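Heads up: the structure comes next, in structure tokens.
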Amino acid sequence: MSPDDAVHTSSRPLHDRRAGAHHTTFLPLVLGATGVVFGDIGTSPLYTFNSIFTELNAVPEEADVQQAFSVMFWTLTWMICFKYIGLVMRVSHHREGGTFAMMKVILQTLRDDQDPDSSDDDTDEEMTGIGSRPERRSFRQRVVLVLGMLSCSMLVGDGVITPPNSVLGALNSPCLQVPESWNVCIAVAILLGVFGLQRMGSRIIGWIAGPIMVLWFLTIAALGLYQILLNPELAAYVARGFNP
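The UniProt record's numbering applies: residue 1 is where the sequence shown begins, and numbers increase by one.
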């Protein structure tokens, strides 16, 4: 056996093990991501529809449902396709993502245009203001910093508003028949339990919420298909909302 054959033979089991490990970890990662990411997006229609139709005294007409569906569908579609897939997921700062990572990449790009010898430490100074004088920042850098702070503020605001709205929207469901006076107390207890688990890491939340979200999507898909078959004319009318 030649040395090349020996190397090829010895490396094959390692490759097979890596391929097997990839297949065994892929589905759990998908399930966990479904629970963490789509736990917010997938439940947003619960309180969004309630908020829209509350202004209409909870008696929406067919045109109202169609228009609300169109706005919600295209808002989520364009936000996910353009913002997340087109922009956010393409930006990586040392394998880190998010608002501050994107801001740092943009600041570093602007700084490279002005000073090709700049480093990441210089960009850190631009973000924190430590060791940097205001006159060193260009107008574009100031705009990026302001937009980054606004984006972070909106993210924090969404994180504060979304959980109680989601829980209260679920408790207001007529299927549960929870007394209105108990809604706030039950919502606080649920949120305390969720945040208590969240401190252990997003993986725990993904393992718990992932199967729940899969069951949720399958349930609403089955109910939606049943209603489409039951009311085909109304479903065809609402489906016009796919046309923006």
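Just so you know, even glycine gets a beta-carbon here, dropped at the ideal spot from N, CA and C. Since we're looking at a predicted model, the values are computed, not measured.
Can you grab the Cα-Cα spacing for the pair D4 / L87, in whole Å?
-> Residue placement at D4 cannot be trusted, given a pLDDT of 47 that sits under 50; the coordinates are not used to answer.
Go ahead and label V146 buried or exposed: buried means 16 or more other beta carbons lie within 10 angstroms of its beta carbon, across all protein chains shown.
-> Exposed, because fewer than 16 other Cβ atoms sit within 10 Å of the Cβ of V146.
What alpha helix (DSSP H) runs, 4 residues minimum, are completely inside the segment 126-205?
-> Within the segment 126-205, complete alpha helix (DSSP H) segments of at least 4 residues are found at 139-171, 183-198, given in chain order.
Whole-number beta carbon distance between G32 and W207, since they are thought to touch under 8 Å = 6 Å
Determine the direct distance from the alpha carbon of V105 to that of R133, and round the result to whole angstroms.
-> Confidence in R133 is poor, its pLDDT being 48 and thus under 50, which makes the residue's placement too unreliable to answer from.
Which of helix, strand or coil DSSP assigns to E61 = coil
Relative to the C-alpha of M79, which residue among L171, Q141, G210, I41 is closest?
-> I41
Along the alpha helix (DSSP H) that carries E233, what are the first and last residues, could you check?
-> 232-238
How should G169 be labelled, buried or exposed, when 16 other C-beta atoms within 10 angstroms of its C-beta is the threshold for buried?
-> buried
To the nearest angstrom, report how far apart S92 and K83 are at their CA atoms.
-> 14 Å
How long is the line joining the alpha carbons of G39 and T162, rounded to whole angstroms?
-> 11 Å
Closest by CA to T34, which one among I205, G224, L171?
-> Closest option to T34, Cα to Cα, is I205.
Burial state of A209, where buried means 16 or more other Cβ atoms lie within 10 Å = A209 should be labelled buried.
Beta-bridge partners of H93, as assigned by DSSP | E96
Going by the CB atoms, is the gap between C152 and T109 shorter than 7 Å?
-> no
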